[in-house]
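Heads up, the thing below is written out as structure tokens.
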Amino acid sequence: LLRYITIIPIDKAFYTAGCCCRDVGDINRAFIFLNRFVDVCDAIDEPNSGDLDNSDFVDTDIPPPHMVQIPTEHSYPEDSREEIRELVLETAVCAEVDQELPTRRCDSCHEETYDAAVVCHLCDNESDACIVTGFPVSANDRVQCKNCCKFANKSDWNKFVMKVKTCPWCGCIQNPVY
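60 is the number of the first residue of the sequence shown in my numbering; add one for each residue after it.
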């Protein structure tokens, strides 16, 4: 979702990503994404306040702030924004929160890069994006839809197809792959 913030509103993307991470218990990632949402809200309120700090996202394929249009109006009402602001402040003082995005080893250069990046920030190696999660498809966990030929990570594919019975991309009936 976040690699598409040049297309969809940046505040919606970070709010949605942060809330989804929070809802599945990924508190570290939720904190970072919701903190960026708060920063974007501040930039909407004060458009002349300068650039957003991008230090949390330097080693990712999430577009940097200078490539993104900051909305002129908020996508969410003030009470929702304040609720997230309070959550971020509460989480910031929590010792258990790791305020760094998780990493994985790039299949090409073998260096650490953001785990959800489909393009390595060091060597520019591009992986296929999993059609279930959007995460990079691992070379040793790769499956392909028999109809649309799109790729997915096997574990994510199987979880999805066992529940929905169709490909998340083309909607054709599919089976788990073992």
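Yeah, the Cβ is synthetic: ideal placement off N, Cα and C, and Gly gets one too.
Check: Using DSSP bridges, identify the partner residues of Arg163.; Outcome: Thr172
Check: If you draw a straight line from the C-alpha of Pro106 to the C-alpha of Lys224, how long is it?; Outcome: 46 Å
Check: List the residues that DSSP assigns as beta-bridge partners of Gln203.; Outcome: Phe210
Check: Can we say the segment 90–97 touches the segment 152–167, given the rule of at least three CB pairs closer than 8 Å?; Outcome: yes
Check: Is the distance from the Cβ of Cys165 to the Cβ of Cys179 below 8 Å?; Outcome: yes
Check: In this structure, does DSSP put Glu155 in helix, strand or coil?; Outcome: coil
Check: I'd like to know whether the C-beta of Cys208 is nearer than 8 Å to at least one C-beta of chain D.; Outcome: As a matter of chain content, chain D is missing from the structure shown, which is built from one protein chain.
Check: Starting from Pro74, trace the alpha helix (DSSP H) both ways and give me its first and last residue.; Outcome: Residue 74 is actually Tyr in this sequence, not Pro. First-last of the alpha helix (DSSP H) with Tyr74: Ile69 to Asp82.
Check: What residues in its chain sit with their C-beta under 8 Å from that of Trp228, if we drop five residues either side in the sequence?; Outcome: Ile190, Cys204, Cys207 and Lys209
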